[in-house]
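First up is the structure itself, then whatever we jot down about it.
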Amino acid sequence: SARAFARLGLPLAPAAVIARRADPERTSVVIACPGVGRIPRGYETFADQLARRLQRFGDLDVRLLQGGPVDAPWARRVAHLDQAGFVARAIARLARTHPKYVEHISFGVAALPRLLWLRPDLVIVSEHALASVLDRARALPGLRHRIAFNNGGLNRPPLRAGFDVVQEVTQHALDAALRAGGSAGQHVVLPLAVETGPVPPTDRRPTRRRQLDLPTDRRIVISVGQLDRRIKRMDLVVQAVAGCGDRPYLVLLGQRTDETPALEALAQEALGIDGFRSGTVAPHEVGAHLEAADAFVLASAVEGFGRVYLEALSAGLPCVVDDNPVAREVCGPNAAFVDCSDLPAFSAAIGETLDAPLTTASRERRWRWARDNFGWDALEERYHDHVVAWAGGE
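Numbering-wise (the working numbering), the sequence shown opens with residue 9 and increments by one.
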């Protein structure tokens, strides 16, 4: 009854959004992502964009379940334990596991009332622990959803048999999964998509720098990613920039971690307090910072996909990145590839990239690569067709 669902915390309005399978002729899809609304980067941005893009198709009924505040009528917030909170950390210590798994499991359990209400045909998810909860949930009466697991985290087979589809986001990842024993019928390659925007003009740098209070008399190198040493290896970026002869100004943007204070101390020692900026900004502000820069660098040796490569290319920026298969597949001929652990070589690649002319033609070439191969306008129909096929068991 309505009263029973109210006790479960399910709002009754607006009816157009949470009506229970109001149109059985439409394919019902739920995108479940606890980081949307809380983490303004990576897969979380993609999940939000996917929900928005799929609204354009009349044969789909798409809802987004997220962990942060909502700003769209098709989205609903699911209360859960934050991995950074005391309770999640305490449970993790008792269970001898990572707090993120506590967060993902709690999100899955808290999402069950909505799934029972919506009874979707397909659930799209990227967190392994959350996907496992939603797999077990199919034992509940009325839940017969299929699960499409976005494997941007490069989990290798054997994966849970309950994952009906495993979306690999690069050809390299698909090949690796098949070599590891994955089934060609379960694994499919479908790259992540990005919003590319219009062709970026070369002369926007001076304006952006004044707007962002960045130096107008120095060349600027930018790196975007989690502010850590272990995964994104931002310490290598700091040291490589410090090794450039005509030292550029460094901008580090990303989510703070336990390693961030030590990283900032290193940057202050190597570059000086006036030689860098670090911080977390809203997603729309990342583009403005990219437009202010002369070059983009990323030192991480392992990326599931690296959407930030495409954000930089969409801004027309020349890129210096670690030489790995995913970077080569995503960036194509539009980046300088280097072993970033070789600091002299890394510094030299940054210097050579900064010395190359940043022309309108070169900017447009990089933007066009991102748009034609990974832009939403190029991939939207493919996503629609795959979602329909996955929901139908194809």
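The beta carbon of each residue, even a glycine, is placed where N, CA and C say it ideally should be.
Since the model is a prediction, treat every value here as computed from it, not as a measurement.
Return the CA-CA distance between ASP90 and ARG264, expressed in angstroms with no decimal places.
15 angstroms
Within 10 angstroms of the Cβ of PRO352, are there 16 or more other Cβ atoms? Answer buried if so, exposed if not.
Its Cβ having fewer than 16 others within 10 Å, PRO352 is exposed.
Return the chain-ordered ranges of every beta strand (DSSP E) run that is complete within the stretch 340-386 and spans a minimum of 3 residues.
Whole beta strand (DSSP E) segments, 3+ residues: 343-346.
Determine the DSSP secondary structure at PHE304, reduced to helix, strand or coil.
strand
Can you check which of these residues, GLN219, TRP377, VAL202, is closest to LEU58 by C-alpha distance?
Closest option to LEU58, Cα to Cα, is VAL202.
Fully enclosed by the stretch 114-174, which beta strand (DSSP E) runs are 3 residues long or longer?
130-133, 154-158
Kindly indicate which three-state DSSP category GLN74 falls into: helix, strand or coil?
In this structure, DSSP gives GLN74 an extended state, which the three-state scheme calls strand.
For the 8 angstroms Cβ check, are there 3 or more pairs between the stretch 138-149 and the stretch 103-120?
yes
Give the DSSP-derived three-state secondary structure of GLU299 in the structure shown.
helix
Mapping the DSSP letters down to three states, classify PHE284 as helix, strand or coil.
strand
Which residue spans inside the stretch 52-108 form an unbroken alpha helix (DSSP H) run of at least 4?
94-103
Within a Cβ cutoff of 7 angstroms, which residues of the same chain sit near ALA30, ignoring the five residues on either side of it in sequence?
Model confidence at ALA30 stands at a pLDDT of 49, short of 50, so the residue's coordinates are unreliable and nothing is read from them.
Excluding sequence positions up to five away, which residues of its chain have a Cβ less than 6 angstroms from the Cβ of TYR2?
Residue 2 is absent from the model: the chain starts at 9 and stops at 402.
Less than 7 angstroms between C-beta atoms, sequence neighbours within five positions excluded: which residues of the same chain meet that for ARG237?
ASP243, GLU267, LEU271
Determine, using beta carbons only, whether ARG285 and PHE54 come nearer to each other than 8 angstroms.
Cβ atoms of ARG285 and PHE54: not closer than 8 angstroms.
Excluding five sequence neighbours on each side, which residues of the same chain lie with their C-beta closer than 8 angstroms to the C-beta of GLU360?
ALA344
Between LEU186 and HIS195, how many whole angstroms is the CB-CB distance? I'm expecting something under 8 angstroms.
A Cβ-Cβ separation of about 7 angstroms places LEU186 in contact with HIS195 under the 8 angstroms criterion.
Jot down the residue ranges of each uninterrupted alpha helix (DSSP H) in the stretch 198-262, minimum 4 residues, whole runs only, in chain order.
Under the rule that a run must span 4 or more residues, the alpha helix (DSSP H) segments found entirely inside the stretch 198-262 read 213-220, 242-250.
Starting from ASP403 and walking both ways along the beta strand (DSSP E), at which residues does that stretch end?
Nothing about residue 403 can be reported from this structure: the residues present for the chain run from 9 to 402 only.
Does the Cβ of THR35 have 16 or more other Cβ atoms within 10 Å, making it buried, or fewer, making it exposed?
buried
Where does ASP331 sit, in a helix, a strand or coil, going by DSSP?
coil
How long is the line joining the alpha carbons of LEU298 and VAL131, rounded to whole angstroms?
Whole-angstrom Cα-Cα distance: 34 angstroms.
Given 8 angstroms as the limit, is there contact between the stretch 62-71 and the stretch 94-104, that is, 3 or more CB pairs closer than that?
no
Taking its Cβ as the centre, do 16 or more other Cβ atoms sit within 10 Å of PRO326, making it buried, or is it exposed?
Buried.
Are the CB atoms of SER128 and VAL207 nearer to each other than 8 angstroms?
The sequence shown places Pro at residue 128, not Ser. No, they are not a contact pair.
Using the C-alpha atoms, what's the distance from LEU321 back to TRP377?
8 angstroms
Apply the 10 Å Cβ neighbour rule to LEU126 and answer buried if 16 or more other Cβ atoms are within range, or exposed otherwise.
buried
Within its chain, find whatever has a CB closer than 8 angstroms to the CB of VAL395; leave out the 5 residues flanking it on each side and keep chain order.
THR35, VAL37, LEU62, LEU68, LEU130, ILE132, ALA156
Could you tell me whether the Cβ atoms of CYS252 and SER370 are closer together than 8 angstroms?
No, these two residues do not count as a Cβ contact at 8 angstroms.
Relative to the C-alpha of GLY116, which candidate in ARG144, LEU182, ALA296 has its C-alpha closest?
ARG144
Measure the CB-CB distance between GLU52 and HIS88 and report whether it falls below 8 angstroms.
no
With distances taken Cα to Cα, identify the nearest neighbour of ASP211 among CYS348, ASP302, ASP347.
The shortest CA-to-CA distance from ASP211 to any of CYS348, ASP302, ASP347 is the one to ASP302.
By Cβ distance, which residues of its chain are closer than 7 angstroms to ARG336, with the 5 residues on each side in sequence left out?
PHE345
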